[in-house]
Amino acid sequence: MMKVLMLNPPFLPRYSRESRSPAVAKSGTFYYPMWLAYATGVLENAGFEVKLIDAPARGYDLEHVRKEARLFNPHLVVLDTSTPSIVNDIQVLEGLKEDNPDLFTLMVGRHVSALPEETMARSTRIDAVAIGEYDHIVRDLALALRDGLPLSGVRGLLWRDRNTGEVVRNDPMPYIEDLDSLPFVSEVYKRHLLIEDYFYGHSLFPIITMVTGRGCPFKCFYCCYPQTMYGHRLRLRSPENVAAEFRFIAENFPEIKEVMLEDDTLTVNLKHAEAFADALIATGNKIPFSANSRAEITDIGVLKKLRMAGCRLFCVGFESGNQQILDNMKKGLKLERALQFSKATKKAGIMVHGCFMVGNPGETPETLEQTLAYAKELNPDTAQFYPIMVYPGTDAFKWAEESGYLLTRDYSRWVTPEGLHATVLERPELSSRHLMEFCDRARREFYLRPRYIVRKIGQSLLDSAELRRNIKGFVHLLRHLLKRDSSCKC
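Mapping to the numbering used here: the sequence shown position 117 is 143, numbers consecutive.
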């Protein structure tokens, strides 16, 4: 049987490649290798023997991974990538190829999807790159390698001809339309991962992440996943399929305290969100869930139904407290509507984790202060303040490069030596240091308010699960609250 190694490569401890801004998070948040796990399940369903290794989760270094690979002896290795870790990821690939010259190496992820030719040019030991949504690309490549078929027939692949050295780009792979045909990612977690390794600062622990859909119709100019991987057309699982996975989790992970729905935005289609809530209610779901949401729902009836179905928290990109800045980043959000959303979620009993991003087009010292004041007015359960992170393949990256604001194309500088976020933009009117110092101060002012501290104490006293979450998150965050450092991701 042909063997495939799916690898989240070793890099820095607790480094989250699949975060929308890959880094080591100050809150201790550490993502599942969810997209890699979905593709793992697709391969297993196609009859391949697959091993999924999450090196950052387990603390494995390169030598450990090479040893595991030698014992497993795969025919194909699939390596996840990210912009800050790409140089390291190629070195990991080269180490595996050194041990087994016949090993076929494939790189996947947002960075290589945005820059496939540039990636291939970095090392002749890279055999191929998957462009975009890669579940079926990986499957079709494995089938072609197993059956001796020409790689020219594998859609979505950029590959190197081993005879001529020529790099060939195939036709694109169509997006997966029937998402119900995909395996439950939680089944893959059960076979390959330890759920205790993963933590979200805004969620109850332990947690499982999955999606109810792929793609996002909004055009926020900084957002990576729609622009490089899953597109702007929304594709959805059926409510019944999602409810069935909730049942699977309840039956197989009795220790799970929450499910995080990592869709770009669960609530973009309110009819579907309501149908999803109805399906969970009908099955008697008892597992709380959190989800990414736009700050636009004001229908109390829908919000209360989601709450009844188990919705505990929304993770929301408010981004800025200035309307012109929101318009400049193509957010498609009105400040007043977001305030109404905040009030409506409080009435419905749904908590909010607020994200605030600074340094966007038109940003000034005055608009920074407006954002901090707006964050305090919204008063979400938790908040993060960070500079705009521009990644290849996004309109934000193009804007930064064309404006002359991009400090470097050395991708390793997208994070600090410790793996924390670092801004790589330098603007005459707003320096990177100014942005970082503002984020440090905003974080302190938000979290150290007496009003906020009293509310969190009360929350912790009323709910033991929230107490554990608050303690775990606060321990990670405390050392960053009381000092000024070189990055600013909460």
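Idealized CB from N, CA, C, for every residue including glycine.
For this session: Given a cut-off of 9 Å, decide if residue 378 and residue 346 are closer than it, judged by their beta-carbon atoms.
Result: no
Problem set entry | Proximity winner among 149, 102, 42, relative to residue 31 (alpha-carbon distances) | 102
Problem set entry | CB of residue 449 within 9 Å of CB of residue 414, strictly | yes
Exercise. According to DSSP, which residues form a beta bridge with residue 522?
Worked result: Residue 522 falls outside the range modelled here, since the chain spans only 27 to 516, and no answer is possible.
For this session: Within the same chain, show all residues whose beta-carbon is closer than 6 Å to that of residue 372, passing over the 5 residues directly before and after it, in chain order.
Result: none
Problem set entry | Three-state secondary structure assigned by DSSP to residue 29 | strand
Exercise. What runs of the alpha helix (DSSP H), each 4 residues or longer, lie entirely inside the stretch 379-441?
Worked result: 391-404, 421-428
Problem set entry | The beta strand (DSSP E) enclosing residue 234, as first and last residue numbers | 233-236
Problem set entry | Residues near residue 331 by beta carbon distance below 8 Å, same chain, minus five either side | 300, 303, 304, 307
For this session: Compute the beta-carbon to beta-carbon distance between residue 223 and residue 56, rounded to the nearest angstrom, for a pair I have assumed lies under 8 Å.
Result: 7 Å
For this session: Could you tell me the distance, in whole angstroms, from the CA atom of residue 424 to the CA atom of residue 259?
Result: 22 Å
Exercise. Is the beta carbon of residue 319 less than 9 Å from the beta carbon of residue 291?
Worked result: yes
For this session: For residue 98, collect the residues of the same chain with a Cβ closer than 7 Å to its Cβ; drop the 5 residues on either side in sequence, then sort them by chain order.
Result: 29, 31, 77
For this session: Kindly indicate which residue of 117, 107, 52 has the alpha-carbon position closest to the one of residue 158.
Result: 107
Exercise. Using the beta-carbon count (16 or more within 10 Å), is residue 514 buried or exposed?
Worked result: Reliability of the predicted coordinates at residue 514 is poor, the pLDDT of 39 falling under 50, and no value is obtained from them.
Problem set entry | Three-way DSSP call (helix, strand, coil) for residue 275 in this model | helix
For this session: Kindly give me the distance between the Cβ atoms of residue 311 and residue 274, rounded to whole angstroms, as I take these residues to be in contact under 8 Å.
Result: Actually they are not in contact, since the Cβ atoms of residue 311 and residue 274 sit about 12 Å apart, beyond 8 Å.
Problem set entry | beta-carbon residue 189 near the ligand ZN non-hydrogen atom, thresh 8 Å | The ligand ZN is absent from the structure shown, which contains no ligand whatsoever.
For this session: Enumerate, from N- to C-terminal direction, the unbroken alpha helix (DSSP H) stretches of 4 or more residues contained entirely within the stretch 37-102.
Result: 60-71, 81-84, 88-98
For this session: On the DSSP bridge assignment, give the partners of residue 284 in chain order.
Result: 233
Exercise. Expressed to the nearest angstrom, what Euclidean distance is found between the alpha-carbon atoms of residue 512 and residue 433?
Worked result: Because the pLDDT at residue 512 is just 42, under 50, the model does not fix this residue reliably, and the value given afterwards should be weighed accordingly. Approximately 16 Å, taken between the alpha carbons.
For this session: Return the bridge partner residues of residue 337 from the DSSP annotation.
Result: 315
For this session: Evaluate the contact criterion for the stretch 130-141 versus the stretch 198-209: three or more CB pairs, one atom per stretch, below 8 Å.
Result: no
Exercise. Hey, out of 178, 151, 364, whose CA is closest to residue 163's CA?
Worked result: 178
Exercise. How long is the line joining the alpha carbons of residue 34 and residue 86, rounded to whole angstroms?
Worked result: 10 Å
For this session: Could you say which of 125, 231, 428, 75 lies nearest to residue 218 if we only look at CA atoms?
Result: 75
For this session: Could you pull out every residue in the same chain whose Cβ sits closer than 6 Å to the Cβ of residue 453, ignoring the five residues on either side in sequence?
Result: 431
For this session: Would you kindly report the start and end of the unbroken beta strand (DSSP E) that includes residue 184?
Result: 183-186
Exercise. Residue 27 to residue 150, Cα distance in whole Å?
Worked result: 28 Å
Exercise. Start and end of the beta strand (DSSP E) containing residue 195?
Worked result: 193-195
For this session: Work out the CA separation of residue 344 and residue 255 for me, nearest whole Å.
Result: 23 Å
Exercise. When you compare each of 360, 315, 375 to residue 326 by their alpha carbons, which one comes out closest?
Worked result: 375
For this session: Mind the definition here: the stretch 461-475 touches the stretch 53-71 only if three or more C-beta pairs lie below 8 Å; say whether that holds.
Result: no
Exercise. Quick check: the stretch 238-246 against the stretch 356-364, are there 3 or more CB pairs under 8 Å?
Worked result: yes
Exercise. Among residues of its own chain, excluding the 5 on either side of residue 84, which ones have a beta-carbon nearer than 6 Å to its beta-carbon?
Worked result: none
For this session: Sort 370, 476, 194, 298 by Cα distance to residue 266 and report the nearest one.
Result: 298
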